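Working notes for the structure below.
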Amino acid sequence: MAHCLAPLLADPDISVYVETLKPVTPYPFPWPFFRFLDVFPETVYQDAPALQSLSLRGDEDFDLVILAYQVWFLSPALPMAAFMQSPEAARLLRGKPVVTLIACRNMWLMAQERMKQYLDGLGARLVDNIALTDQSGALASFITTPRWMFTGRREAFWGLPAAGVSETDLRGSARFGAAMAEALHAGPIAGPMLHGLGAAVVDERLIASERIGTRSFRLWGKLLRAAGPQGSARRRPLLAIYVCFLFCLIVTVVPLSMALRALLHPLVKRRLLVQKAYFEQPSGSATHHLSPNPQ
Ligand SMILES: Cc1cc2nc3c(=O)[nH]c(=O)nc-3n(C[C@H](O)[C@H](O)[C@H](O)COP(=O)(O)O)c2cc1C
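All letters in the sequence shown, in the order written, are residues 168 to 462 by the working numbering.
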């Protein structure tokens, strides 16, 4: 976020207002194992937690709103869900151009679909989406992301890269801020500003997993919510069963479905490319405006 905002903050003609969402009960970091799992049902069903009062009233008139959020369990993280459901967001976002800025491991498609629903419901216009994903790739990040979440340690180890978005990608996101500053100087924001800057690259191999994952999450989320409220001891046995289920799924179904997908690829390639293009909207993954050595 800081790198992306830097060109806007440095511009004397642009004033930037930063609002940090603070839940009344803060989420821990690093996450205790069961606390991490325990936010799963509420995240999937977007049961928003209470937020501390915002410093914005909601009647401010911004030329552009940037919504930066993390993905939790294929959904917008709960602090962002709470904001999107707040009366302030309803007032603030109506008719406004919005850029979403995602930082996640690598699965953000379904979360962004949910954000699109929120924005549509509030009458806001999504003009661009930036998706920053983990540098370590799908397989390594199955190890590096949980290690980071549960221990707070993100450095490289055992030949695996460091967890999270790379420094190069973070620094490189200044290009998005620069493009937004340029567009703001040119007048009201009418449409995408970030074409050709590689803002949202979709890995089409993950589309099916995200769809299947979301369906399975809704089913398990419903069961877990029925077992007891967040924090209750009654949820724990079911959460433990769920973790075992997830683990079995990852070591059996995921490799199998990857092999099947590789086999079927020639048949479904065309359809996948159409879906990839859909999820990459509105900014797209093209890179023709990137400088050869982005910083
Ligand atoms: C509870 C929880 C669930 C998460 N679920 C997902 C997920 O479904 N997909 C994903 O790509 N990343 C997921 N992540 C990783 C986060 O999106 C994000 O990469 C991580 O929290 C680091 O964010 P930061 O770079 O803003 O510090 C999850 C993280 C947490 C804490």
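Note that the Cβ used here is the ideal one computed from N, Cα and C, for glycine as well.
Since this is a predicted model, take the numbers as computed values, not measurements.
- Following the DSSP letters along the chain, one finds Leu-293 inside the beta strand (DSSP E) bounded by residues 292–300.
- Only residues of its own chain outside the window of five on either side were considered, and among them Ala-341 and Gly-344 have a CB closer than 8 angstroms to the CB of Ala-173, listed in chain order.
- For Asp-301, the CB falls within less than 8 angstroms of some heavy atom of ligand 1.
- Under the rule that a run must span 4 or more residues, the alpha helix (DSSP H) segments found entirely inside the segment 182–223 read 200–205 and 207–211.
- Listed in chain order, the beta strand (DSSP E) elements of length 3 or more contained wholly in the segment 407–445 amount to none.
- If you draw a straight line from the Cα of Asn-296 to the Cα of Gln-448, it is about 8 angstroms long.
- Phe-240 is the residue among Phe-240, Ala-366, Glu-255 and Ser-222 whose C-alpha sits nearest the C-alpha of Glu-209.
- Per the DSSP secondary-structure output, Val-265 pairs in a beta bridge with Val-232 and Leu-293.
- The beta-bridge partner set that DSSP reports for Pro-243 consists of Val-238.
- With contact defined as three or more Cβ pairs closer than 8 angstroms, the segment 296–314 and the segment 272–288 are in contact.
- In this chain, the alpha helix (DSSP H) harbouring His-352 covers 341–353.
- Relative to ligand 1, even the nearest heavy atom lies 8 angstroms or more away from the CB of Thr-318.
- Bounds of the alpha helix (DSSP H) holding His-170 are 169–177.
- The Cβ atoms of Met-277 and Ala-235 lie no closer than 9 angstroms to each other.
- The beta carbons of Ala-249 and Leu-188 sit closer together than 9 angstroms.
- Our two residues, Lys-443 and Ser-452, have alpha carbons roughly 10 angstroms apart in a direct line.
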